[in-house]
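Going by full-length UniProt numbering, the first residue of the sequence shown is number 1, and it counts up by one from there. A short worksheet on the structure shown next.
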Amino acid sequence: MNDMRTPSADTVSHALVDDATYRTMYQASVSDPDAFWGEHGKRIDWIKPYTKVKNTSFDYHNVSIKWFEDGTLNVAANCIDRHLPERAHQTAIIWESDDPGVSQHISYQELHEQVCRFANVLHAMGVKKGDRVVLYLPMIPQAAYAMLACARIGAVHSIVFAGFSPDALGSRVADCGAKLVITADEAPRGGRQTALKANADKALAKLPEVKLLVVRRTGGDVAWNPERDVWLHEEMERVSAHCEPVEVGAEDPLFILYTSGSTGKPKGVLHTTGGYLVYASMTHQYVFDYHDGDIYWCTADVGWVTGHSYIVYGPLANGATTLMFEGVPTWPDASRCWQVCEKHKVNIFYTAPTAIRALMGQGDQFVEGIDLSSLRVLGSVGEPINPEAWEWYDRVVGKGRCPIVDTWWQTETGGILIAPLPGATPTKPGSATRPFFGVQPAVLDPHSGEEITGTVAEGVLAITDSWPGQMRTVYGDHDRFVSTYFEQYKGSYFTGDGCRRDEDGYYWITGRVDDVINVSGHRMGTAEVESALVAHPKVSESAVVGFPHRIKGQGIYAYVTLMHGEEPSEELRKELVAWVRSEIGPIASPDLIQWAPGLPKTRSGKIMRRILRKIAENDYAALGDTSTLADPGVVDDLIENRMNR
Ligand code: 6R9
Numbered sequence: 001m002n003d004m005r006t007p008s009a010d011t012v013s014h015a016l017v018d019d020a021t022y023r024t025m026y027q028a029s030v031s032d033p034d035a036f037w038g039e040h041g042k043r044i045d046w047i048k049p050y051t052k053v054k055n056t057s058f059d060y061h062n063v064s065i066k067w068f069e070d071g072t073l074n075v076a077a078n079c080i081d082r083h084l085p086e087r088a089h090q091t092a093i094i095w096e097s098d099d100p101g102v103s104q105h106i107s108y109q110e111l112h113e114q115v116c117r118f119a120n121v122l123h124a125m126g127v128k129k130g131d132r133v134v135l136y137l138p139m140i141p142q143a144a145y146a147m148l149a150c151a152r153i154g155a156v157h158s159i160v161f162a163g164f165s166p167d168a169l170g171s172r173v174a175d176c177g178a179k180l181v182i183t184a185d186e187a188p189r190g191g192r193q194t195a196l197k198a199n200a201d202k203a204l205a206k207l208p209e210v211k212l213l214v215v216r217r218t219g220g221d222v223a224w225n226p227e228r229d230v231w232l233h234e235e236m237e238r239v240s241a242h243c244e245p246v247e248v249g250a251e252d253p254l255f256i257l258y259t260s261g262s263t264g265k266p267k268g269v270l271h272t273t274g275g276y277l278v279y280a281s282m283t284h285q286y287v288f289d290y291h292d293g294d295i296y297w298c299t300a301d302v303g304w305v306t307g308h309s310y311i312v313y314g315p316l317a318n319g320a321t322t323l324m325f326e327g328v329p330t331w332p333d334a335s336r337c338w339q340v341c342e343k344h345k346v347n348i349f350y351t352a353p354t355a356i357r358a359l360m361g362q363g364d365q366f367v368e369g370i371d372l373s374s375l376r377v378l379g380s381v382g383e384p385i386n387p388e389a390w391e392w393y394d395r396v397v398g399k400g401r402c403p404i405v406d407t408w409w410q411t412e413t414g415g416i417l418i419a420p421l422p423g424a425t426p427t428k429p430g431s432a433t434r435p436f437f438g439v440q441p442a443v444l445d446p447h448s449g450e451e452i453t454g455t456v457a458e459g460v461l462a463i464t465d466s467w468p469g470q471m472r473t474v475y476g477d478h479d480r481f482v483s484t485y486f487e488q489y490k491g492s493y494f495t496g497d498g499c500r501r502d503e504d505g506y507y508w509i510t511g512r513v514d515d516v517i518n519v520s521g522h523r524m525g526t527a528e529v530e531s532a533l534v535a536h537p538k539v540s541e542s543a544v545v546g547f548p549h550r551i552k553g554q555g556i557y558a559y560v561t562l563m564h565g566e567e568p569s570e571e572l573r574k575e576l577v578a579w580v581r582s583e584i585g586p587i588a589s590p591d592l593i594q595w596a597p598g599l600p601k602t603r604s605g606k607i608m609r610r611i612l613r614k615i616a617e618n619d620y621a622a623l624g625d626t627s628t629l630a631d632p633g634v635v636d637d638l639i640e641n642r643m644n645r
């Protein structure tokens with residue numbers, strides 16, 4: 001397919017780099033990574049400059065990743081203090097509340113004061129360098145203050161998305177051994193409130209040693225434990241507005257972020273300080289063609305990695321104005337995002353395909369009549385973008401003048417690995433195009449593990465050498481880090497994604513090849529949903545697979561076998577959906593539940609997920625070989641009673 005869109009003359013003349021520069025820089029980055037990153041590492045401020053650049057090994061027996069290892073720095077100083085001489089009065093954060101009538105501009109000077117005070121509050125509560133702090137917050141400026149305050153004192157934050165349940169919060173707090181949780185009274189979203197403080201109370205019921213710092217967001221009623229709970233606004237008044245940034249090593253941890261994998265509990269992905277900040281800031285500048293003075297808006301939540309790298313750390317390290325949005329794209333109606341773009345004159349807009357599809361489904365009338373002339377670059381992240389959504393984004397939102405950057409990356413990668421650069425890379429709808437500087441993708445044959453070296457290739461995506469933003473380990477479980485990413489295909493980092501490379505060397509990500517499903521751009525491990533279901537007293541067994549969903553990309557399809565003597569019913573179906581929501585959170589709600597008297601298993605008892613996926617996709621004609629099943633009869637029953645027709 002050769003549906004190439006070349007960048008407009010305007011885009012090219014404005015761009016930081018052109019195609020030839022991209023090629024030269026890319027060559028330099030992979031032929032001499034030490035020289036390339038040694039130079040680009042200087043884009044941030046170091047307290048003690050590094051003398052070593054890259055020290056990494058993907059050898060399965062000795063996986064070790066270190067960048068700039070003898071340098072020292074402070075992330076908060078890089079994101080705030082160093083901009084003060086030039087930008088004290090420039091807006092650092094535009095906060096757009098859930099309520100369309102309320103927004104706030106926070107200057108770099110104000111950000112400095114808030115973060116210093118917040119850091120002193122953390123100090124006063126006993127938080128020290130290296131301690132873990134969990135954030136469970138709405139999209140409010142205090143979420144960014146809290147992240148930067150942790151960074152200022154060398155504490156390690158771990159953000160738990162505010163849509164997660166008390167159980168999910170509690171297990172993450174326990175896993176990382178946090179001494180403090182920061183939450184808010186309530187989180188307003190789409191005109192409704194989530195009782196965050198009440199959720200945190202439940203999560204901490206069995207963790208008596210953990211303190212709770214509470215932001216007053218709505219002023220709603222909350223239960224109060226005077227032994228444990230502290231109001232942020234009261235403490236902020238009490239402490240000094242001065243706080244020296246702590247000197248931390250490049251390889252000291254910056255944050256832990258839990259993400260779903262194909263097996264077991266979510267993993268604590270650990271990112272460190274120096275390499276991460278260099279990579280987040282550099283990708284933010286180049287991929288979005290960020291220029292001084294641009295108003296930049298990423299619609300993600302800080303609970304996901306996109307919010308870490310491209311709402312807070314990347315943009316602020318670059319001295320940008322970053323917009324933080326508390327609400328949802330479809331409330332009060334489907335024009336909200338475009339109203340916000342018009343109101344704040346947004347130049348760069350970065351969102352997820354699921355949002356684009358939802359807005360496209362509501363009709364063009366929500367975009368028409370709104371002045372979107374400020375927009376210059378549009379971004380997409382989280383899942384493959386289908387060409388129909390790409391075309392709509394291009395035509396209706398971008399009016400055909402804004403390059404679309406389809407950015408492929410992961411929680412584990414810390415920053416964008418494959419994406420076009422505006423002005424340098426001709427795009428193709430649905431392709432993430434070419435690797436960023438320093439990134440060496442390889443397409444592997446999934447069976448032999450051999451690299452397919454021809455330009456045109458199809459297989460699984462691996463990366464053959466390290467880049468500065470890469471995760472360093474799974475918190476508390478380095479063996480799991482090695483076995484998840486470096487064991488299956490020795491010598492490379494395995495991404496878990498399938499991929500195709502076309503005749504122009506462009507990459508097309510085809511989706512996960514493991515038991516991870518991508519629901520509205522959020523990663524869910526099928527094993528997590530299964531273990532939530534079997535925790536219900538009436539459920540004996542369950543198998544969960546993804547199926548194509550018009551808006552969400554993938555939906556959750558659960559096969560459930562009930563305990564002997566239990567009867568299927570509509571009530572029970574609803575009860576199970578509510579159960580999973582309360583065990584994990586609304587994003588894990590099964591869309592379809594099929595009662596399964598039996599599951600297709602091999603004689604050794606392994607569930608044949610391939611068959612379950614086919615039935616869930618309503619594509620049961622080609623089930624392939626079912627002769628190895630212990631009881632082939634169960635398949636007929638499952639087809640007969642399939643839920644997705
Ligand atoms: C940043 C983020 C990672 C998984 C990844 C892949 C999918 C993300 C994509 C994409 C196709 C894109 N993914 N961006 N697939 N095209 N532009 O989303 O991190 O939540 O860890 O998810 O998302 O499957 O492996 P994370």
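Backbone N, C-alpha and C define an ideal beta-carbon position, used for all residues, glycine too. Computed from a prediction, not measured in an experiment: that's the story for all the values here.
Buried versus exposed call for residue i [16 or more other C-beta atoms within 10 Å across all chains shown]
i	result
D34	exposed
K54	buried
R152	buried
K197	buried
K606	exposed
W224	exposed
V396	buried
D406	buried
Y447	A small correction: the amino acid at residue 447 is His; Tyr does not occupy that position in the sequence shown. So H447 counts as exposed.
S373	exposed
E326	buried
T306	buried
Limits of the unbroken beta strand (DSSP E) element including residue i
i	result
L254	P253 to T259
S380	V377 to V381
S31	Taken as a continuous stretch (DSSP letters only), S31 belongs to no beta strand (DSSP E), being part of the alpha helix (DSSP H) at D19 to S31.
L444	P441 to L444
E541	V539 to H549
E458	A457 to I463
W392	Run containing W392: none in the beta strand (DSSP E); it sits in the alpha helix (DSSP H), P387 to W392.
D406	I404 to T407
Host alpha helix (DSSP H) of residue i (start-end)
i	result
Q109	Y108 to A124
G275	G274 to V287
M4	M4 -> no alpha helix (DSSP H), and no H or E assigned at all.
S582	E570 to E583
Y350	It is not in any alpha helix (DSSP H) - Y350 instead sits in the beta strand (DSSP E) that spans I348 to T351.
S531	T526 to V534
I607	Element bounds for I607: n/a, residue is neither H nor E.
Closer than 7 Å: residue i CB and nearest the ligand 6R9 heavy atom
i	result
D497	yes
W408	yes
S380	yes
V545	no
I509	yes
P315	no
G521	yes
A432	yes
R512	yes
S304	The amino acid at residue 304 is misidentified as Ser; the sequence shows Trp. Yes, since a heavy atom of the ligand 6R9 falls inside the 7 Å radius drawn around the Cβ of W304.
P384	yes
N518	yes
T263	no
T283	no
T259	yes
T411	yes
Integer-rounded CB distance, given that residue j should sit under 8 Å from residue i
i	j	result
G261	V516	7 Å
Q554	N518	5 Å
M608	L629	7 Å
I593	A558	5 Å
V239	A124	6 Å
Distance cut-off 7 Å: residue i Cβ against heavy atoms of the ligand SAM
i	result
T526	Here the bound small molecules are the ligand 6R9; the ligand SAM is not part of this structure.
What runs of the beta strand (DSSP E), each 3 residues or longer, lie entirely inside the stretch 153-213? Correct list: 156-159, 180-184, 187-189 and 192-194.
Let me know the alpha helix (DSSP H) ranges lying completely inside the stretch 50-91, each 4 residues or longer, listed in chain order. The qualifying runs are 75-79 and 84-87.
Which residue spans inside the stretch 469-529 form an unbroken alpha helix (DSSP H) run of at least 4? As far as the stretch 469-529 is concerned, its whole alpha helix (DSSP H) runs of at least 4 residues are 478-485.
Extract the residue ranges of the beta strand (DSSP E) inside the stretch 306-380, only unbroken runs of 3 or more that lie entirely within it. For the stretch 306-380, whole beta strand (DSSP E) runs of length 3 or above, ordered along the chain, are 321-325 and 348-351.
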